[in-house]
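This report refers to the structure that appears directly beneath it.
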Amino acid sequence: MNDLEPTVAVEEALRGNGISVESLSIDDSISVTYLTAFPDVEPDHGEVGRAVTAFLELSQVDDWEPTTVDATILRSEGDVQATWRLDEDWIRAYNRYELDDEDLSKRVLDSLYEEGDA
């Protein structure tokens, strides 16, 4: 597998779940910035859920290792709405049925920082 393929796979998975990817990098973790379809004061939890679903679907692929995701949501270019995190350990626990949908969602939403939060 060449270096481009994981990036392409992640971007395709996100776009397939309705996420408008602005930038993406993969090193020891995944850093993704996407443009929200809901440029309100607060981030749309359903949209965050669709992004998380993309990473959970990727984690079911044999040659893709769960990786921590740090996401930034933009209202528009340069206008950060929020950030959130999906830890690789949470993905593994979810895949082993040690976390259910509600527990995983709570962890991701607990990691959510809206712009202006301390």
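Per our numbering, the sequence shown starts with residue 1, numbered consecutively.
Quick reminder that beta carbons are idealized off the backbone N, C-alpha and C, glycines included.
Checklist entry - Based on the DSSP output, what are the partners of V21 in its beta bridges? => result Here residue 21 refers to the residue found at position 21 when the sequence shown is read from its first residue. Answer is Y34, bridged to V21.
Checklist entry - Do L35 and L86 have their CB atoms nearer than 7 Å? => result Residue 35 sits at position 35 when you count from the first residue of the sequence shown. Residue 86 sits at position 86 when you count from the first residue of the sequence shown. Not a contact, by the Cβ cut-off of 7 Å.
Checklist entry - Which residues mark the beginning and the end of the alpha helix (DSSP H) in which R15 is found? => result Here the question's residue 15 lines up with position 15 in the sequence shown. Segment 4 to 16, the alpha helix (DSSP H) holding R15.
Checklist entry - At what residue ranges does the segment 35 to 80 contain a whole run of the beta strand (DSSP E), taking only runs of 3 or more? => result 69 to 76
Checklist entry - Is it true that the CB of A71 sits closer than 7 Å to the CB of P43? => result Here residue 43 refers to the residue found at position 43 of the sequence shown. Here residue 71 refers to the residue found at position 71 of the sequence shown. No, they are not a contact pair.
Item to check | Separation of R92 from D3, as counted between CA atoms | outcome: Here residue 3 is taken as the residue at index 3 of the sequence shown, counted from 1. Here residue 92 is taken as the residue at index 92 of the sequence shown, counted from 1. Interpretation of D3 is limited by its pLDDT of 46, a score under 50 that renders its predicted location unreliable; the figure taken from the coordinates is listed afterwards. Taking the straight line joining both Cα atoms gives about 23 Å.
Checklist entry - The alpha helix (DSSP H) with L104 in it runs from where to where? => result Locating residue 104 in the sequence shown gives position 104, counting from the first residue. L104 -> alpha helix (DSSP H) spans 101 to 110.
Item to check | Cβ-based burial, R96 [other Cβ within 10 Å; buried from 16] | outcome: By one-based count along the sequence shown, residue 96 stands at place 96. With fewer than 16 Cβ atoms within 10 Å of its Cβ, R96 is classed as exposed.
Checklist entry - Hey, A51 and A13: beta-carbon distance below 7 Å or not? => result Numbered from its first residue, the sequence shown carries residue 51 at position 51. Numbered from its first residue, the sequence shown carries residue 13 at position 13. No, they are not a contact pair.
Next on the checklist: What does the Cβ neighbour count give for R107, buried or exposed, with the cut at 16 atoms within 10 Å?
Outcome noted: For this step, residue 107 is matched to residue 107 along the sequence shown. That one is buried.
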